[in-house]
Amino acid sequence: MRRIDAFRAIAPAIAAEDLVTTSIGATWDDWWNLKPADNTFFTGVLGSVTSTALGLAVSLPHRRIIAFESDGSMLMNTGILCTLGAERPPNLTVLVFDNGIYENIGGPPTLTSRNTDLARMAEGAGCLNCATVDDPDALAERFSAMLDDGEMGYLVAKIEPGKYPWEWKDRKPTDGIEDKYRFLRYVEELEGVVIHPGAPQN
Amino acid sequence: MTADAVPEYARLFVEGLKEADVSVVTALPESLLASVYRLCAADNAIRYIQVSNEGDMPGICAGTYLAGKRALMIMENSGIRQCCEPVARLAFQHAVPMVMAMSYRGEWGEQNWWGHNHAQTMAPILDALRIPHRFVTEHAEIKPAIRRAFKHADGSNWPVALVFSGNCVELPAYAKD
Chain A
2 MRRIDAFRAI APAIAAEDLV TTSIGATWDD WWNLKPADNT FFTGVLGSVT STALGLAVSL
62 PHRRIIAFES DGSMLMNTGI LCTLGAERPP NLTVLVFDNG IYENIGGPPT LTSRNTDLAR
122 MAEGAGCLNC ATVDDPDALA ERFSAMLDDG EMGYLVAKIE PGKYPWEWKD RKPTDGIEDK
182 YRFLRYVEEL EGVVIHPGAP QN
Chain B
907 MTADAVPEYA RLFVEGLKEA DVSVVTALPE SLLASVYRLC AADNAIRYIQ VSNEGDMPGI
967 CAGTYLAGKR ALMIMENSGI RQCCEPVARL AFQHAVPMVM AMSYRGEWGE QNWWGHNHAQ
1027 TMAPILDALR IPHRFVTEHA EIKPAIRRAF KHADGSNWPV ALVFSGNCVE LPAYAKD
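Going down the list, the sequences are from chains A and B.
Just so you know, my numbering puts 30 at position 29 of the first sequence, and the rest follows in order with no gaps.
Just so you know, my numbering puts 1023 at position 117 of the second sequence, and the rest follows in order with no gaps.
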């Protein structure tokens, strides 16, 4: 299964009212092309995609929060698995697209291509509902179940290694500042709150 | 003082967090602010998230901010070295406001040989990240410093740091003079 096939399999399960964080590069370009919406914070920080989702999850416990991780991002900060295992936010689902390579820089292997099993690491760290899938049907079924089971989920989707870049014109055109404001204003509307007000007069 | 007694600085610190509407505290516990971690962990009004690496904390704070709530990350000043990369990216790439509090290990009179590098590297790293910092050394400064830190971070769309030392830590360096 290619990553875009995995995204297509789970996209129908994600509602506009869900909030999403996503890893960088081709991962966010896939998601941008498939389901462009402001409910996604395109997190330009390898190693902080899940921790940002954790902050959203504990602060908005009534809302479904989803983190689209990559193996490269997870491997940069595996300590977050222990934090997740301790907190176990029931409204958080982490989906890791694991292709075993650093795709965006040309494809050198990540350590999941050797002996590292992220789902077993998560389970050992105390995370709940940890699983690995490698076909779109199983992915769609497990992912949908995790969204609504009232417990955290940690799902690893094994995807084909390979480089699947979008043409420049089709890549996500926004930068990190615009991404922040689009997401922030979306949350303001969704939650009926003011996060970033205008400047006071004096 | 018994183990359960609450030092005045810690009581003011946690009261200040509540008055500033802080709902999430994430920390990697250390000795100089020990009572603050203990109070936060026991307080039902605060979601206390203990991490094992300071690098977890900027994302947790960013997610909390983007949810419309307030978070504080707390660590020893050595922790800025560990979380430098996510702080830098969330600031320079996303302009996410963030408030960090740190104890000042390496205070004038520090007797631990291993503590001096923490002080020596703290300010240069904060300066390199363009993060303004203010020392908090007296009890009367604690609540205003916390309140203004969030205003400054939100107004500037950038991280700020509060550095606790003097009478605002468990045991001031000069206490062993």
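All C-beta atoms in this analysis are idealised placements derived from N, C-alpha and C, irrespective of residue type, glycine included.
Using 8 angstroms for Cβ pairs, my map puts residue i next to residue j. What's the rounded Cβ distance?
{"i": "Ala-17(A)", "j": "Asn-40(A)", "result": "6 angstroms"}
{"i": "Tyr-1010(B)", "j": "Ala-1025(B)", "result": "7 angstroms"}
{"i": "Trp-29(A)", "j": "Lys-164(A)", "result": "Not quite, the Cβ-Cβ distance comes to about 15 angstroms (not below 8 angstroms), so this is no contact."}
{"i": "Pro-1065(B)", "j": "Ala-997(B)", "result": "5 angstroms"}
{"i": "Leu-61(A)", "j": "Val-97(A)", "result": "So it is not a contact: roughly 22 angstroms between Cβ atoms."}
{"i": "Val-920(B)", "j": "Leu-945(B)", "result": "5 angstroms"}
{"i": "Arg-1040(B)", "j": "Gly-922(B)", "result": "In fact, because the Cβ distance is near 14 angstroms, the residues do not count as touching under 8 angstroms."}
{"i": "Phe-43(A)", "j": "Asp-180(A)", "result": "5 angstroms"}
{"i": "Arg-186(A)", "j": "Thr-175(A)", "result": "About 13 angstroms separates the two Cβ atoms, so there is no contact after all."}
Since residue i meets chain B, which of its residues come closer than 7 angstroms, beta carbon to beta carbon?
{"i": "Ile-67(A)", "result": "The premise fails here: Ile-67(A) is roughly 12 angstroms from chain B at the closest Cβ pair, so nothing lies under 7 angstroms."}
{"i": "Gly-177(A)", "result": "Gln-999 and His-1000"}
{"i": "Ile-81(A)", "result": "Asp-962"}
{"i": "Ser-71(A)", "result": "In chain order: nothing, as chain B lies at least about 15 angstroms away."}
{"i": "Ser-24(A)", "result": "Result: empty, since nearest Cβ-Cβ is about 12 angstroms, beyond 7 angstroms."}
{"i": "Phe-42(A)", "result": "Leu-972"}
{"i": "Ile-160(A)", "result": "The contacting residues do not exist; Ile-160(A) stays about 24 angstroms from chain B at best."}
Quick one: list the residues of chain B neighbouring residue i, beta-carbon separation under 8 angstroms, in chain order.
{"i": "Phe-184(A)", "result": "Leu-972"}
{"i": "Asp-180(A)", "result": "His-1000"}
{"i": "Gly-199(A)", "result": "Residues of chain B passing the Cβ test: none, with the nearest at roughly 11 angstroms."}
{"i": "Ser-74(A)", "result": "Per Cβ cutoff of 8 angstroms: no residues; Ser-74(A) is ~11 angstroms from chain B at best."}
{"i": "Glu-88(A)", "result": "Ile-955"}
{"i": "Glu-192(A)", "result": "Ala-973 and Gly-974"}
{"i": "Ile-106(A)", "result": "Simply none; closest approach about 17 angstroms."}
Report all residues from its chain with a CB closer than 8 angstroms to the CB of residue i; omit the five preceding and five following residues, and keep chain order.
{"i": "Thr-970(B)", "result": "Ser-929, Val-930, Arg-976 and Ala-977"}
{"i": "Glu-1044(B)", "result": "Gly-1072, Asn-1073 and Cys-1074"}
{"i": "Ala-994(B)", "result": "Leu-1035"}
{"i": "Gly-151(A)", "result": "Pro-91"}
Taking 7 angstroms as the threshold (C-beta atoms), are residue j and residue i in contact?
{"i": "Gly-45(A)", "j": "Ile-25(A)", "result": "yes"}
{"i": "Leu-1068(B)", "j": "Ala-1055(B)", "result": "yes"}
{"i": "Ala-123(A)", "j": "Leu-82(A)", "result": "yes"}
{"i": "Gly-73(A)", "j": "Thr-111(A)", "result": "yes"}
{"i": "Arg-143(A)", "j": "Val-134(A)", "result": "yes"}
{"i": "Leu-20(A)", "j": "Ile-66(A)", "result": "yes"}
{"i": "Gly-961(B)", "j": "Gln-988(B)", "result": "yes"}
{"i": "Val-957(B)", "j": "Thr-79(A)", "result": "no"}
{"i": "Asn-100(A)", "j": "Ile-160(A)", "result": "yes"}
{"i": "Cys-967(B)", "j": "Met-1008(B)", "result": "no"}
{"i": "Ala-1001(B)", "j": "Asn-1063(B)", "result": "yes"}
{"i": "Ile-102(A)", "j": "Pro-162(A)", "result": "yes"}
{"i": "Met-2(A)", "j": "Asp-138(A)", "result": "no"}
{"i": "Glu-190(A)", "j": "Ile-196(A)", "result": "no"}
List, in order along the chain, the chain A residues whose C-beta lies closer than 7 angstroms to that of residue i?
{"i": "Ile-1037(B)", "result": "Going along chain A, no residue has its Cβ under 7 angstroms from Ile-1037(B), so there is no contact; the nearest lies around 16 angstroms."}
{"i": "Arg-995(B)", "result": "Gly-45 and Val-46"}
{"i": "Ala-977(B)", "result": "Gly-56"}
What does a CB cutoff of less than 6 angstroms around residue i pick up in its chain, not counting 5 residues either side in sequence?
{"i": "Ala-68(A)", "result": "Thr-22, Val-50, Thr-51, Ala-54 and Val-95"}
{"i": "Gly-154(A)", "result": "Thr-94, Asn-130 and Met-147"}
{"i": "Ile-980(B)", "result": "Ala-933 and Ala-1007"}
{"i": "Pro-964(B)", "result": "Cys-989, Pro-992, Val-993 and Leu-996"}
{"i": "Ile-1037(B)", "result": "Pro-1065 and Ala-1067"}
Count the other C-beta atoms from every protein chain shown that fall within 10 angstroms of the C-beta of residue i, then say buried if there are 16 or more, exposed otherwise.
{"i": "Ser-905(B)", "result": "Outside the shown range of chain B, which is 907 to 1083, sits residue 905(B), and nothing can be said about it."}
{"i": "His-63(A)", "result": "exposed"}
{"i": "Leu-76(A)", "result": "buried"}
{"i": "Pro-992(B)", "result": "buried"}
{"i": "Gly-56(A)", "result": "buried"}
{"i": "Arg-121(A)", "result": "exposed"}
{"i": "Pro-1030(B)", "result": "exposed"}
{"i": "Gly-86(A)", "result": "buried"}
{"i": "Arg-953(B)", "result": "buried"}
{"i": "Gly-125(A)", "result": "exposed"}
{"i": "Leu-35(A)", "result": "exposed"}
{"i": "Ala-1059(B)", "result": "buried"}
{"i": "Glu-914(B)", "result": "exposed"}
{"i": "Ala-948(B)", "result": "exposed"}
{"i": "Glu-88(A)", "result": "buried"}
{"i": "Trp-1019(B)", "result": "exposed"}
{"i": "Gly-193(A)", "result": "exposed"}
Along chain B, which residues have their Cβ under 9 angstroms away from the Cβ of residue i?
{"i": "Thr-84(A)", "result": "Thr-932, Ile-955, Gln-956, Val-957, Ser-958, Asn-959, Asp-962 and Ile-966"}
{"i": "Asn-78(A)", "result": "Asn-959, Gly-961, Asp-962, Gly-965 and Pro-992"}
{"i": "Ala-54(A)", "result": "Gly-965 and Gly-969"}
{"i": "Val-21(A)", "result": "Within chain B, no residue comes near Val-21(A); the closest Cβ sits about 12 angstroms away, beyond 9 angstroms."}
{"i": "Val-188(A)", "result": "Leu-972, Ala-973 and Gly-974"}
{"i": "Ile-15(A)", "result": "Neighbours of Ile-15(A) on chain B: none; closest Cβ ~18 angstroms, over 9 angstroms."}
Just to make sure I have the definition right: I need the residues of chain A whose C-beta is within less than 9 angstroms of the C-beta of residue i. Which are they?
{"i": "Ser-929(B)", "result": "Val-59 and Ser-60"}
Closer than 7 angstroms by C-beta to residue i: which residues in its own chain qualify, once you throw out the five before and the five after it? Chain order, please.
{"i": "Asp-31(A)", "result": "Arg-4, Ile-5 and Phe-8"}
{"i": "Gly-985(B)", "result": "Leu-934, Glu-960 and Met-1008"}
{"i": "Ala-916(B)", "result": "Ser-941, Val-942 and Leu-945"}
{"i": "Glu-982(B)", "result": "Glu-936, Leu-938, Met-1008, Ser-1009, Arg-1011 and His-1024"}
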